Amino acid sequence: MTATIRLQQEPFDAAAEARALTHGRTDVGAVVTFTGICRGDENGEPIAGLTLEHYPGMAEAEIGRHIEAAERRWSLQGVTVIHRFGRIAPGEDIVLVVTASSHRQDAFAAAEFLMDYLKTRAPFWKRVERAASGGVSGWVDAKSSDDTAADRWGKKPGHNQAAE
Amino acid sequence: MKVLYFAWVRERVGKPEEDVTPPASVATVGDLIAWLSGRGEGYAHAFENPRVIRAAIDRAHVRADTAIAGAREIAFFPPMTGG
């Protein structure tokens, strides 16, 4: 399986990344492309933008562990995960997950699994700049609904098993 | 060992990383949090609610009861909000 992980400040081209996974091969029957985009509001308040902080080294390692877990669980021909960091304006892309499989069920499930874990286990933190009140910024709180979404997949693949 | 801080933990502590040499009685991640809390006001603020603090040893998630012996790099951070 082809696995690509990239952390970058620059925007990405979702269509080009999807094409790259299928180029020159005929065994892929389904490609699922998920793009997470910066909304213009946070909890109903307008925002001017986001700044994403990450833990270099661990972020790649953690995403890699989840791709390996997805590969054990579903039949996949390729996975690409790109996560941006730095300042991101409303309307800009934040994260890309592309999964390629022979059949759609595996591609859909793996993409959703990877996104659920990216939100709760990959070391990234969002800080919002609010549009009102003179651009006062604050860290985004983790949502329990994201933990619930990740928990439904069972055992946490990113955990250090030896430590538990 | 090297200790890293991220997001609001980093802001409250006032630095992104440092080298620390805790006493031998500091055996687990939880012990290290308690020990760091005593290093000053910023640390006390950062670790005032240890239950919400997440930790990683050598770039893998660990729990508060994990032993720190042999760790090269320990990171502390809030619950993650990527994606």
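Keeping their order, the protein sequence lines are chains A and B.
Per the numbering used here, residue -4 is the first one in the first sequence, and the count goes up by one each step.
Per the numbering used here, residue 2 is the first one in the second sequence, and the count goes up by one each step.
Glycine residues also receive a C-beta, built at the ideal position from the N, C-alpha and C atoms.
Bear in mind the structure is a predicted one, so any value in this text is a computation, not a measurement.
*What do you reckon, are the CB atoms on residue 71 of chain A and residue 111 of chain A nearer than 8 Å?*
Start at 1 with the first residue of the first sequence, and residue 71 of chain A comes out as number 76. Start at 1 with the first residue of the first sequence, and residue 111 of chain A comes out as number 116. In this structure, residue 111 of chain A does not lie closer than 8 Å to residue 71 of chain A by Cβ.
*Does any residue of chain B bring its CB to less than 8 Å from the CB of residue 107 of chain A?*
For this step, residue 107 of chain A is matched to residue 112 along the first sequence. No, because no Cβ of chain B sits closer than 8 Å to the Cβ of residue 107 of chain A.
*State the start and end residues of the unbroken beta strand (DSSP E) segment that holds residue 5 of chain B.*
For this step, residue 5 of chain B is matched to residue 4 along the second sequence. Residues 3 to 6.
_Cβ-based neighbour list, residue 74 of chain B, same chain, cut-off 6 Å, excluding 5 preceding and 5 following_ = Here the question's residue 74 of chain B lines up with position 73 in the second sequence. For residue 74 of chain B, where only same-chain residues beyond five positions count, the Cβ hits under 6 Å are 3, 59.
_Run through the DSSP bridge pairs and tell me what residue 83 of chain A is partnered with._
On the first sequence, position 88 is the one that residue 83 of chain A refers to. DSSP lists A/45 as partners of residue 83 of chain A.
*asked:* Counting only Cβ pairs nearer than 8 Å, list the residues of chain B close to residue 6 of chain A.
replied: Looking up residue 6 of chain A in the first sequence gives position 11. Near residue 6 of chain A there are no residues of chain B at all, since even the closest Cβ is about 17 Å away, more than 8 Å.
*Alpha carbon of residue 24 of chain A to alpha carbon of residue 114 of chain A, nearest angstrom*: Along the first sequence, one-based indexing puts residue 24 of chain A at 29. Along the first sequence, one-based indexing puts residue 114 of chain A at 119. Spanning the two alpha carbons is a distance of roughly 27 Å.
_Just to confirm the assignment, what range does the beta strand (DSSP E) spanning residue 49 of chain B have?_
To locate residue 49 of chain B, count along the second sequence from 1; it is residue 48. Unbroken run through residue 49 of chain B: none, as it is neither H nor E.
*asked:* Alpha carbons only, please: which of A/145, A/144, A/126 is nearest the one belonging to residue 35 of chain A?
replied: Residue 35 of chain A sits at position 40 when you count from the first residue of the first sequence. The shortest C-alpha separation from residue 35 of chain A is found at A/126.
*State the Cα-Cα distance for the pair residue 42 of chain B and residue 10 of chain B, rounded to the nearest angstrom.*
Along the second sequence, one-based indexing puts residue 42 of chain B at 41. Along the second sequence, one-based indexing puts residue 10 of chain B at 9. Each residue's Cα considered, the two are about 13 Å apart.
_Just checking: is the beta-carbon of residue 45 of chain B within a distance shorter than 8 Å of some beta-carbon in chain A?_
Numbered from 1 along the second sequence, position 44 holds the residue referred to as residue 45 of chain B. No, because no Cβ of chain A sits closer than 8 Å to the Cβ of residue 45 of chain B.
*State yes or no: is the C-beta of residue 45 of chain B within less than 8 Å of the C-beta of residue 76 of chain B?*
Residue numbering aside, residue 45 of chain B sits at position 44 when the second sequence is read from its first letter. Residue numbering aside, residue 76 of chain B sits at position 75 when the second sequence is read from its first letter. No, the Cβ-Cβ distance between residue 45 of chain B and residue 76 of chain B is not below 8 Å.
_Beta-carbon within less than 6 Å of residue 78 of chain B's beta-carbon, same chain only, minus the 5 sequence neighbours each way: which residues are those?_
Residue numbering aside, residue 78 of chain B sits at position 77 when the second sequence is read from its first letter. Around residue 78 of chain B: 7, 8, 10, 55.
*Taking residue 161 of chain A as part of the beta strand (DSSP E), name the residues at either end of that continuous run.*
Only positions -4 to 159 of chain A appear in this structure, which leaves residue 161 of chain A out of reach.
*Compare the C-beta of residue 71 of chain A against all C-beta atoms of chain B and say whether one is closer than 8 Å.*
Residue 71 of chain A sits at position 76 when you count from the first residue of the first sequence. By this cut-off, residue 71 of chain A is not an interface position.
_Below 7 Å, is the gap between the Cβ of residue 17 of chain B and the nearest heavy atom of the ligand SAH?_
In the structure on display, the ligand SAH does not appear, and there are no ligands present to speak of.
*asked:* Would residue 48 of chain A and residue 80 of chain A be called neighbours here (beta carbons separated by less than 8 Å)?
replied: Stepping through the first sequence from its first residue, residue 48 of chain A is reached at position 53. Stepping through the first sequence from its first residue, residue 80 of chain A is reached at position 85. Yes.
*So what does DSSP say about residue 38 of chain B, is it helix, strand or coil?*
Taking the second sequence and counting its residues from 1, one reaches residue 38 of chain B at position 37. Three-state result, residue 38 of chain B: helix.
*May I have the straight-line CA-CA distance separating residue 67 of chain A from residue 142 of chain A, to the nearest angstrom?*
By one-based count along the first sequence, residue 67 of chain A stands at place 72. By one-based count along the first sequence, residue 142 of chain A stands at place 147. Distance between the alpha carbons of residue 67 of chain A and residue 142 of chain A is about 22 Å.
*Taking C-beta pairs closer than 7 Å, name the residues in chain B that residue 115 of chain A reaches, listed in chain order.*
In the first sequence, residue 115 of chain A corresponds to position 120, counting from 1. Near residue 115 of chain A (Cβ distances below 7 Å), the residues of chain B are 81.
*Work out the CA separation of residue 116 of chain A and residue 159 of chain A for me, nearest whole Å.*
As a first step, residue 159 of chain A is located in the first sequence; it is residue number 164 there, counting from the start. As a first step, residue 116 of chain A is located in the first sequence; it is residue number 121 there, counting from the start. With a pLDDT of 33 at residue 159 of chain A, under the threshold of 50, the modelled position of this residue cannot be trusted; read the value that follows with caution. C-alpha separation (whole angstroms): 16 Å.
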